[in-house]
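Reviewing the structure listed below.
2 protein chains.
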Amino acid sequence: MVQVKMGSNILGANELLARKNRNLFEERELLVVNLMSSPGSGKTTILERTIEALKGRLKLGVIEGDLYTDRDAQRIEQKGAPVVQINTEGACHLDAGMISGVLAKIETRELDLMVIENVGNLVCPAEFDLGEDCRVVVISTAEGNDKPMKYPLIFRQADAILINKIDLIPYTDFNLSQFQQDAAQINPDAQMFEVSARTGKGMEKWADWLVARVEEKKAGYNKKG
Amino acid sequence: MVQVKMGSNILGANELLARKNRNLFEERELLVVNLMSSPGSGKTTILERTIEALKGRLKLGVIEGDLYTDRDAQRIEQKGAPVVQINTEGACHLDAGMISGVLAKIETRELDLMVIENVGNLVCPAEFDLGEDCRVVVISTAEGNDKPMKYPLIFRQADAILINKIDLIPYTDFNLSQFQQDAAQINPDAQMFEVSARTGKGMEKWADWLVARVEEKKAGYNKKG
């Protein structure tokens, strides 16, 4: 939205609220994932498939961020996962205060994993810590392979990158190895997954990664506790 | 980026600079198009095809907006059109001041049409008038058909909507008639074009529309002058 020099104060306030969220998630042994992408990369379809893939393995809840409409929340609800919708009413990203404002509406004590689907935007969401444990970026093969170089911040911060719509590769000019090379140059530590949320391909490895992250967090908690 | 209540002052300053740009474009009989979309919808490929389609009909110049890199400007230059790159260094949109800051670098007096390719973002660019005559939104069929309802502002302001990557429709769940219906509900006046910048399909009608807008602007100028 508007960029101003007083940004540091606003980000300072966000940091405080993010820390508060992080402490709460820690206390409840809840792994929280901030899921980010361009509009239309397939975040919601990935979430639908992730709910199916994790059935019987993890208890998953969702916070849906959208400017307007509750379409995505309805889709998640139909998959049987608890979900709460945030409408930002025009704001281009979620912030930590929006998350803390809805935490009372979801039974976080009963969950192992909570995924926050951010507003579709490759720029602004990257600047706002929500208190999450992991940041995950989704990119669709239909978007072309120049995105890591053009939007480096969001890729640099990612713990995982989901390359979605791999079923479309034969019909596009997407160069998978070039994308992987560029993404690894920006962020050598990010785990990359090739998936098609539409066909279900690759979703198991991604689900396994989430299970491993949840187990790590619980193990760390038990060590401390 | 950061949303603050003092936004009205900042937008006020932007409006003044946008008016200054608009007056200059009027004086030079130059039609200016602000081209907006999600990252990876195909704006630059559309521009490459548009340059080809307008060859011998209009003199076209381009301002490229990107956070980082001059990849898109290089692509435009290879097509033989004059181009100037703006790097916003992290800012999520172009503003009128950025445009006025680069106008000396492009021979606007020799052009009929100037296209400004905005930063890939469906939210923030919609809030900043650059002084343009027309706003054009590109949407790719791979993004799904729920975008007009989820990002209404940018669609509401559009003079034209380019539905790009129509060659991918058979491989996606995109519902063209539903998209057209939703877009027309948000904005009944926008002209819609079905195109594939990759194959070239539909580019002629779009080029004809641009030529008609340029002729309209020149006719209006002659009437006044």
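Going down the list, the sequences are from chains A and B.
If you're matching positions, the first sequence starts at 1 in my numbering and goes up one per residue.
If you're matching positions, the second sequence starts at 1 in my numbering and goes up one per residue.
For glycine and all other residues, C-beta sits at the position ideal for the given N, C-alpha and C.
All of these numbers come straight from a predicted model, not from anything done at the bench.
Strand pairing of E117/B, partner residues [DSSP]:
Note: E117/B sits in a beta bridge opposite L35/B and E64/B.
Any chance the region 46 to 65 of chain A sits against the region 198 to 217 of chain A, with 3 or more Cβ pairs inside 8 Å?
Yes, since at least three Cβ pairs between the region 46 to 65 of chain A and the region 198 to 217 of chain A fall closer than 8 Å, the two stretches touch.
Between the CA atoms of R22/B and K150/A - distance to the nearest angstrom
Note on geometry: alpha-carbon atoms of K150/A and R22/B lie some 29 Å from one another.
Would you say P82/A faces chain B, with C-beta separation under 8 Å as the test?
Interface annotation, P82/A: not in contact with chain B, CB-CB separation never under 8 Å.
Which residues DSSP lists as bridging Q191/B, in chain order
A160/B, per the DSSP bridge assignment.
Taking C-beta pairs closer than 7 Å, name the residues in chain C that D146/A reaches, listed in chain order.
Annotation note: the requested chain C is absent from the structure, which comprises protein chains A and B.
Between which two residues does the beta strand (DSSP E) carrying I86/B extend?
Per DSSP, the continuous beta strand (DSSP E) segment holding I86/B begins and ends at V83 to N87.
On the criterion of 16 or more Cβ atoms from any shown chain inside 10 Å, does S177/A qualify as buried, or is it exposed?
The residue is exposed, with fewer than 16 neighbouring Cβ atoms inside 10 Å.
Whole angstroms is fine: what's the gap from L111/B's alpha carbon to G61/B's?
In a straight line, the C-alpha of L111/B is about 6 Å away from that of G61/B.
Give the DSSP bridge partners of R135/B, in chain order.
Looking at the DSSP output, R135/B bridges to N34/B.
Use the C-beta contact count for T199/A: other C-beta atoms within 10 angstroms, 16 or more gives buried, fewer gives exposed.
Burial check for T199/A: the Cβ neighbour count within 10 Å stays below 16, so the residue is exposed.
Contact criterion: CB-CB distance below 8 Å. Does P125/A meet it with respect to chain B?
No, P125/A does not count as interfacial toward chain B.
By DSSP, does S41/A sit in helix, in strand, or in coil?
Reduced to three states, the DSSP call for S41/A is coil.
8 Å Cβ cutoff met for V83/A and E107/A:
In this structure, V83/A keeps its C-beta atom at 8 Å or more from the C-beta atom of E107/A.
Collapsed DSSP secondary structure at K165/B in the structure displayed
K165/B falls in the coil class under three-state DSSP.
Sequence-distant residues of its chain with Cβ nearer than 6 Å to K218/B (five each side left out):
Once the five neighbours on either side are set aside, the close Cβ partners of K218/B are E29.
Rounded to whole angstroms, what's the CA-CA distance from L94/B to Q180/B? Just pull it up for me.
Each residue's alpha carbon lies about 28 Å from the other.
Alpha-carbon spacing of T88/A relative to N14/A, whole angstroms
Spanning the two alpha carbons is a distance of roughly 16 Å.
Can you look up K20/B in the DSSP assignment and give me helix, strand or coil?
For K20/B, the secondary structure class from DSSP, reduced to helix, strand or coil, is helix.
A18/A to V123/A span [Cα, whole Å]
Spanning the two alpha carbons is a distance of roughly 19 Å.
Answer with yes or no whether the minimum CB distance from L162/B to chain A is below 8 Å.
By this cut-off, L162/B is not an interface position.
Kindly indicate which three-state DSSP category K59/A falls into: helix, strand or coil?
The three-state secondary structure of K59/A, taken from DSSP, is coil.
Three-pair Cβ contact test at 8 Å for the region 124 to 134 of chain A versus the region 161 to 176 of chain A
Touching, no.
Look at the alpha carbon of I262/A and the alpha carbon of A91/B, and state the distance between them as a whole number of angstroms.
Only positions 1 to 225 of chain A appear in the structure, and residue 262/A is not among them; the question remains open.
My output table needs one value for K79/B: the three-state DSSP class, helix, strand or coil.
Here K79/B sits in coil by DSSP.
By a C-beta neighbour count over all protein chains shown, 10 Å radius and 16 as the cutoff for buried, is A104/B buried or exposed?
In this structure A104/B is exposed. Its beta-carbon is surrounded by fewer than 16 other beta-carbon atoms within 10 angstroms.
Extent of the continuous alpha helix (DSSP H) to which K150/A belongs:
That run of the alpha helix (DSSP H) goes K147 to K150.
Write down the C-beta distance between I161/B and I139/B rounded to the nearest angstrom, noting that I regard them as a contact closer than 8 Å.
At roughly 7 Å, the Cβ-Cβ gap stays under 8 Å, so I161/B and I139/B are in contact.
Determine the burial state of N222/A: buried for a count of at least 16 other Cβ atoms within 10 Å of its Cβ, exposed for fewer.
By the neighbour-count criterion, in which a residue is buried when 16 or more other Cβ atoms sit within 10 angstroms of its Cβ, N222/A is exposed.
Residue(s) in a DSSP beta bridge with K201/B
The partner list for K201/B (beta bridge, DSSP) reads S196/B.
Just confirm the distance between the C-beta atoms of A126/A and I154/A, as a whole number of angstroms; I'd bet it's less than 8 Å.
I154/A and A126/A do touch by the CB rule: their CB atoms are close to 4 Å apart, below 8 Å.
Hey, would you say I86/B sits closer than 8 Å to V102/B, going by beta carbons?
The answer is yes: Cβ separation under 8 Å.
To which residues of the same chain is S38/B closer than 7 Å at the C-beta, ignoring the five residues directly before and after it?
Excluding residues within five positions, the ones whose Cβ falls inside 7 Å are G120, L122 and E143.
In angstroms, rounded to a whole number, what distance separates the CA positions of K59/B and T69/B?
Annotation: K59/B to T69/B spans about 25 Å, alpha carbon to alpha carbon.
Considering Cα atoms alone, identify which of K20/B, Q78/B, E27/B and R57/B is closest to S100/B.
Taking S100/B as reference, the option from K20/B, Q78/B, E27/B and R57/B with the minimal CA-CA separation is K20/B.
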